[in-house]
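Asker:
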Amino acid sequence: MKSIVRSNGFAFLTNTTKLRRLLCSYHQSDHASMELQQVIRIVSSPIGGLDDLEESLNKVSVSPSSNLVNQVIESCKNETSPRRLLRFFSWSCKNMGSSLEDKEFNHVLRVLAEKKDHTAIQILLSDLRKENRAMEKQTFSLVAETLVKIGKEEDAIGIFKILDKFSCPQDSFTVIAIISALCSRGHVKRALGVMHHHKDVISGNELSVYRSLLFGWSVQRNVKEARRVIQDMKSAGVAPDLFCYNTMLTCLCERNVTRNPSGLVPDALNVMMEMRSYKVQPTSMSYNVLLSCLGRTRRVKESCQILEQMKRSGCDPDTASYYLVVR
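Here you go:
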């Protein structure tokens, strides 16, 4: 009997201890959630300037942590300005010091790049250097792409040149990233400069580089240089793929829309003939490039003929193909 009572008493104490721990855990979790929501409200508030934001944060009894910083940035990135996000992060750095890891800096830098705030990006890049933080290769890729998009390609090249200052290597990934970023807005000559300077680094990744160069010349509607890239690929033993030929078609057709509408069909069909000779079959996407340009020049009869030719060649028109003909 005594052993039963002792056993039940022990079980009661054990369960009581577990319950106390559980309640304590819930209390801590609830308190942390309240802290998080309070900080989110302050950061996302449209009222007050940046100094007011920091003053409000100082009044809150919050213990910043990596987890809290990440949650606040993610929760507020679409609700407030990049400058408020940056000021919150700077405040967190002051309060946390070296306990913030490089990945937090990279996370915020990627968010600022997505928001396309040039000044905020430059401020955080400066902080990265001062703090001897490492920039991840993927972060550099996004930053370079953003800077080129907003017309700051010189800044993107400048960062690339001093990647070692950010403990980030100039390897095949970062070289291809800057080339791709520059070509995306037609800065092919700058991209070629990078390519020639880092030839050894991009060995084995030539197809990616050629694709970027082709796209860059296509942005400029420079058919002559686009053809030269195709020839260089063949000479180097790199077979142009469907993406390359479709990019060439886009370049050629877009140029002909303004300069030689009557050459749209024959020039495009010549490219498609070349594709087939290299065992690259034109797809509906290839034909749609031509159909789109024919539609814009009101060449309805030729559009219908191309649609029929697609069917005869064994390429099934898709929904976009029919839309481009009848629109």
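Residues 1 to 327 in UniProt numbering are what the sequence shown spells out, letter by letter.
Beta carbons are placed, not taken as given, at the ideal position from N, Cα and C, and that holds for glycine.
As the structure is a prediction and not an experimental result, all values here were calculated from the model.
Among the candidates R83, E131, S81, whose CA atom is the shortest distance from the CA of D102?
Answerer: Here residue 102 corresponds to residue number 102 of the sequence shown, with the count starting at 1. The residue with the shortest Cα to Cα distance from D102 is E131.
Asker: Identify which residue in I40, S126, S208, T250 has its Cα closest to the Cα of F166.
Answerer: The residue labelled residue 166 in the question sits at position 166 within the sequence shown. That would be S126, whose Cα lies nearest to the Cα of F166.
Asker: Output the boundary residues of the alpha helix (DSSP H) element that contains S61.
Answerer: The residue labelled residue 61 in the question sits at position 61 within the sequence shown. Taken as a continuous stretch (DSSP letters only), S61 belongs to no alpha helix (DSSP H), as it is neither H nor E.
Asker: Under three-state DSSP, which class holds G158?
Answerer: As a working mapping, residue 158 is identified with position 158 in the sequence shown. Three-state result, G158: helix.
Asker: Can you give the Cα-Cα distance for S45 and L291, rounded to whole angstroms?
Answerer: Counted from its first residue, the sequence shown places residue 45 at position 45. Counted from its first residue, the sequence shown places residue 291 at position 291. Answer to the nearest angstrom: the Cα atoms are 49 Å apart.
Asker: Which term fits A236, buried or exposed, when burial requires 16 or more other beta carbons within 10 angstroms of its beta carbon?
Answerer: Stepping through the sequence shown from its first residue, residue 236 is reached at position 236. Burial call: exposed.
Asker: From L142 to Q305, what distance separates their C-alpha atoms?
Answerer: Position 142 of the sequence shown, counted from the start, is the residue given in the question as residue 142. Position 305 of the sequence shown, counted from the start, is the residue given in the question as residue 305. So the two alpha carbons sit approximately 43 Å from each other.
Asker: Give me the Cα-Cα distance between S212 and D232, rounded to the nearest whole angstrom.
Answerer: Taking the first residue of the sequence shown as position 1, residue 212 is located at position 212. Taking the first residue of the sequence shown as position 1, residue 232 is located at position 232. In a straight line, the C-alpha of S212 is about 14 Å away from that of D232.
Asker: Assign E54 to one of three DSSP states: helix, strand, or coil.
Answerer: Position 54 of the sequence shown, counted from the first residue, corresponds to residue 54. E54: helix per DSSP, three-state reduction.
Asker: Helix, strand or coil for I47? Go by DSSP, reduced to three states.
Answerer: Position 47 of the sequence shown holds residue 47. I47 falls in the coil class under three-state DSSP.
Asker: In the DSSP assignment, find the alpha helix (DSSP H) that holds C315 and state where it starts and stops.
Answerer: Counted from its first residue, the sequence shown places residue 315 at position 315. C315 -> no alpha helix (DSSP H), and no H or E assigned at all.
Asker: Taking the CB atoms as reference points, tell me whether V72 and V39 lie closer together than 7 Å.
Answerer: Taking the first residue of the sequence shown as position 1, residue 72 is located at position 72. Taking the first residue of the sequence shown as position 1, residue 39 is located at position 39. A contact, by the Cβ cut-off of 7 Å.
Asker: Hey, how far is the Cα of D52 from the Cα of A134?
Answerer: The residue you call residue 52 lines up with position 52 of the sequence shown. The residue you call residue 134 lines up with position 134 of the sequence shown. Cα to Cα, D52 sits roughly 31 Å from A134.
Asker: Around the Cβ of G314, are there at least 16 other Cβ atoms within 10 angstroms (buried) or fewer (exposed)?
Answerer: Sequence index remark: in the sequence shown, residue 314 carries index 314 (1-based). G314 comes out exposed.
Asker: Mapping the DSSP letters down to three states, classify H187 as helix, strand or coil.
Answerer: Counting from one through the sequence shown, the residue named residue 187 turns up at place 187. In the structure shown, H187 sits in coil (DSSP, three-state: anything other than H, G, I, E or B).
Asker: Express the C-alpha separation of R190 and M272 in angstroms, rounding to a whole number.
Answerer: The residue given as residue 272 occupies position 272 in the sequence shown. The residue given as residue 190 occupies position 190 in the sequence shown. Roughly 30 Å between the two C-alpha positions.
Asker: Restricting to Cα atoms, I'd like to know which of T250, Q37, S277 is closest to K234.
Answerer: Here the question's residue 234 lines up with position 234 in the sequence shown. Residue S277 is the option with its Cα nearest to K234.
Asker: Could you tell me the distance, in whole angstroms, from the CA atom of R312 to the CA atom of L109?
Answerer: Taking the first residue of the sequence shown as 1, we reach residue 312 at position 312. Taking the first residue of the sequence shown as 1, we reach residue 109 at position 109. Each residue's Cα considered, the two are about 52 Å apart.
Asker: Short check: CB of F88 to CB of V43, under 7 Å?
Answerer: Here residue 88 corresponds to residue number 88 of the sequence shown, with the count starting at 1. Here residue 43 corresponds to residue number 43 of the sequence shown, with the count starting at 1. Against a cut-off of 7 Å, the Cβ pair of V43 and F88 comes out as a contact.
Asker: In three-state DSSP terms, what is V280?
Answerer: For this step, residue 280 is matched to residue 280 along the sequence shown. V280 falls in the coil class under three-state DSSP.
Asker: Compare the beta carbon distance of A177 and A144 with 7 Å and say whether it is the shorter of the two.
Answerer: Within the sequence shown, residue 177 is the residue found at index 177, counting from 1. Within the sequence shown, residue 144 is the residue found at index 144, counting from 1. Yes.
Asker: Select from N67, K115, M96 the residue whose C-alpha is nearest the C-alpha of R83.
Answerer: Counted from its first residue, the sequence shown places residue 83 at position 83. When only C-alpha atoms are compared, the closest one is K115.
Asker: Within a Cβ cutoff of 6 Å, which residues of the same chain sit near V289, ignoring the five residues on either side of it in sequence?
Answerer: Here residue 289 refers to the residue found at position 289 of the sequence shown. Answer for V289: L249, T250, C253, listed in chain order.
Asker: On the CB-based measure, 16 or more other CB atoms within 10 Å of its CB, does A181 come out buried or exposed?
Answerer: Residue 181 sits at position 181 when you count from the first residue of the sequence shown. Buried is the call here.
Asker: Is there contact between the stretch 237-244 and the stretch 202-218, where contact requires at least three CB pairs shorter than 8 Å?
Answerer: The answer is yes - the stretch 202-218 touches the stretch 237-244, with three or more Cβ pairs under 8 Å.
Asker: From F215, N260, R227, I123, pick the residue whose C-alpha is nearest to that of E274; which is it?
Answerer: In the sequence shown, the residue the question calls residue 274 occupies position 274. Of F215, N260, R227, I123, the residue nearest in Cα terms is R227.
Asker: Who are the near neighbours of K199 in its chain, counting only those whose CB is closer than 8 Å to its CB and skipping five residues on each side?
Answerer: For the purposes of this step, residue 199 is taken as residue 199 along the sequence shown, with counting starting at 1. Around K199: no qualifying Cβ.
Asker: Here's a check: name, in chain order, each residue in its chain whose Cβ is nearer than 8 Å to the Cβ of C218, leaving out the five neighbours to either side.
Answerer: The residue given as residue 218 occupies position 218 in the sequence shown. According to the sequence displayed, residue 218 carries Ser and not Cys. Cβ within range, chain order: A226, T247, M248, T250, C251, E254.
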